[in-house]
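Visitor: So the sequence shown is numbered by this note's numbering: it starts at 825 and just counts up by one.
Quick reminder that beta carbons are idealized off the backbone N, C-alpha and C, glycines included.
Given the structure is predicted, the values throughout are model-derived calculations rather than measurements.
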Amino acid sequence: MGKKIFSGVQPTGNLHLGNYLGAIKNFVELNNDQENDCIFCVVDLHAITVKQDPKELRNNIRETVATFIASGIDSKKSIIFNQSTVPAHSEAAWILSCIARIGWLNRMTQFKEKAGKDKEKASVGLYSYPVLMAADILLYDASHVPVGEDQKQHLEICRDIAQKFNNDFNVENFFHIPEPLIQKEFSRIMSLKDGTKKMSKSELSDLSRINLTDDKDTIINKIKKAKTDSLPLPSKIEELDKRPEAKNLLQIYSSLNNSNLKKTIETFQGKNFSELKENLSQILVEKIEPISVEIKKLLSEKEYLDKILLEGHKKANSIASNKVKKMHEIIGF
Ligand code: AMP
Ligand code: TRP
């Protein structure tokens, strides 16, 4: 039987290779399976949990849609829409925030990381972020949610919220309990400058990531400058645990090559980083440059992108408003 897929990406700019290999590449494969129903959401309500410039946000929303399309998601087969255009998300998030427990939210590591040292100054939205994410997923009865490893904890709280709502109101199966879909080997792509840190949009150095809008020369240059260590490449997976940069570059190569880490290690064992980097640059240019070219082309076709969002809005709004209506009835409104 087909799966009901829901996932979201924040329109906060600089979509990078980590987003692509950890999430978007998987979206495309799920979209291509005729049996699946997929919904991909540009989660702008999540983006404003930290300060955003309105003009940049508007551009980033279109850029995220352009990235989905350029990567190979078919807007005729899958629903692509913008979270803030479907009021049910905010409404369901409020209701579910009365179901979620403070103790559950207090355990969220992403909040601790993003809020930094001065938690008192973080927005309330940043704290309740996982509740909105639960609303996103539960409104569409998603069966599977493809995300990177960093979102696993948010999926667990979503499951807890769904279960508690079903139990509290004695409505077994009202909310479907979703399963995370996390790729085993490639769920955490690391910074090119520090193999122990996640590749991230917010990292100051642009050399730490490959952006999906980077051109050929930029990609080659970033791989050339990527951090390495001084040893030849190892022959065993276990040796990689002590060599984060080698592990990351080999993983990126594997994923782009649709191979597995073990095979890639066999190919490069005993060789120098320079040989791996040369092959990696080649495959990155082959796979990422066409996406980058297509994103830029699509960004000049704003009306086309807005039309996709409008079509997506209509379909998503109809499903979500129906579900929220049922929530009202159950609660006693
Ligand atoms: P975000 O940009 O935080 O909205 O993330 C969008 C998707 O990309 C989520 O499914 C994340 O788990 C995934 N993702 C973000 N950064 C990475 C990374 N460095 N490695 C793997 N997946 C990532
Ligand atoms: N929190 C996710 C991230 O930062 C984005 C997101 C919001 C999401 N709502 C979602 C992902 C629903 C999957 C399903 O990556």
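#1: Should the region 958 to 967 be called in touch with the region 916 to 926, which here means at least 3 C-beta pairs below 8 angstroms?
#2: Under 8 angstroms: do the region 1013 to 1024 and the region 1062 to 1070 share three or more Cβ pairs, one atom per stretch?
#3: Report yes if the C-beta of F830 is less than 7 angstroms from at least one heavy atom of the ligand TRP; otherwise report no.
#4: Pull up the DSSP beta-bridge partners for S831, would you.
#5: Using a 10 Å radius around the Cβ and a threshold of 16 neighbouring Cβ atoms, would you call P954 buried or exposed?
#6: Quick test of your reading: S967 and E937, contact by CB under 8 angstroms. State the CB separation rounded to the nearest angstrom.
#7: Would you say the beta carbon of I1112 comes nearer than 7 angstroms to a heavy atom of the ligand AMP?
#8: Compare the Cα-Cα distances from I1034 to each of N1084, F993, L1108, L1005 and report the closest residue.
#9: Can you have a look at N997 and say buried or exposed, based on whether 16 or more other CB atoms are within 10 angstroms of its CB?
#10: How about S1011: is its Cβ closer than 7 angstroms to a heavy atom in the ligand AMP?
#11: Measure the C-alpha to C-alpha separation of R983 and G1094 and round it to an integer number of angstroms.
#12: Quick one: residues in its chain with C-beta nearer than 6 angstroms to the C-beta of I903, no 5 flanking neighbours on either side, listed in chain order?
#13: Secondary structure at K901, three-state DSSP: helix, strand or coil?
#14: Mark Q975 as exposed unless 16 or more other C-beta atoms lie within 10 angstroms of its C-beta, in which case mark it buried.
#15: Under the criterion of a Cβ to heavy atom distance below 7 angstroms, does M957 qualify as lining the ligand TRP?
#16: So is the beta-carbon of V971 under 7 angstroms away from any non-hydrogen atom of the ligand AMP?
#17: Going by alpha carbons, who is nearest to N1045 out of F851, K1101, I897?
#18: So is F1157 buried or exposed if we call it buried at 16+ other beta carbons inside 10 Å?
#19: Mind listing, in chain order, the continuous alpha helix (DSSP H) runs of no fewer than 4 residues lying wholly within the region 1055 to 1120?
#20: Verify whether the separation of the beta carbon atoms of L979 and S952 is less than 8 angstroms.
#21: If you check the beta carbons only, do A847 and P970 fall under 8 angstroms apart?
Guide: The structure says:
#1: yes
#2: yes
#3: Locating residue 830 in the sequence shown gives position 6, counting from the first residue. Yes, the ligand TRP has a heavy atom inside 7 angstroms of this Cβ.
#4: Numbered from its first residue, the sequence shown carries residue 831 at position 7. Answer is F864, bridged to S831.
#5: Along the sequence shown, read from residue 1 onward, the residue named residue 954 stands at position 130. Buried is the call here.
#6: Along the sequence shown, read from residue 1 onward, the residue named residue 967 stands at position 143. Along the sequence shown, read from residue 1 onward, the residue named residue 937 stands at position 113. The Cβ separation is near 29 angstroms, so there is no contact.
#7: The sequence position of residue 1112 within the sequence shown is 288, counting from 1. With a cutoff of 7 angstroms, I1112 does not count as near the ligand AMP, since its C-beta is closer than that to no heavy atom of the ligand.
#8: For the purposes of this step, residue 1034 is taken as the residue at position 210 of the sequence shown. That would be L1108, whose Cα lies nearest to the Cα of I1034.
#9: For the purposes of this step, residue 997 is taken as residue 173 along the sequence shown, with counting starting at 1. So N997 counts as exposed.
#10: Position 187 of the sequence shown, counting from 1, holds the residue named residue 1011. The answer is yes for S1011.
#11: Mapped onto the sequence shown, residue 983 falls at position 159. Mapped onto the sequence shown, residue 1094 falls at position 270. Near 45 angstroms, if we compare the C-alpha coordinates of G1094 and R983.
#12: Within the sequence shown, numbered from 1, the residue matching residue 903 stands at position 79. So the list reads I863, G1136, K1139, A1140, once near-sequence residues are dropped.
#13: The residue labelled residue 901 in the question sits at position 77 within the sequence shown. Note: K901 maps to coil in three-state DSSP.
#14: Within the sequence shown, the letter at position 151 stands for residue 975. Buried, since its Cβ has 16 or more Cβ neighbours within 10 Å.
#15: Indexing the sequence shown from 1 puts residue 957 at position 133. Yes, the ligand TRP has a heavy atom inside 7 angstroms of this Cβ.
#16: The residue given as residue 971 occupies position 147 in the sequence shown. Taking 7 angstroms as the cut-off, one finds at least one heavy atom of the ligand AMP near enough to the beta carbon of V971.
#17: Here residue 1045 corresponds to residue number 221 of the sequence shown, with the count starting at 1. Ranking the options by Cα distance to N1045, first place goes to K1101.
#18: Numbered from 1 along the sequence shown, position 333 holds the residue referred to as residue 1157. Exposed, by the Cβ-count rule.
#19: Fully enclosed alpha helix (DSSP H) runs of no fewer than 4 residues occupy 1068 to 1080, 1085 to 1092 of the region 1055 to 1120, in order along the chain.
#20: One-based indexing of the sequence shown puts residue 979 at position 155. One-based indexing of the sequence shown puts residue 952 at position 128. No, the pair does not count as a contact, with Cβ atoms beyond the cut-off.
#21: Taking the sequence shown and counting its residues from 1, the one referred to as residue 847 is at position 23. Taking the sequence shown and counting its residues from 1, the one referred to as residue 970 is at position 146. The beta carbons of A847 and P970 sit closer together than 8 angstroms.
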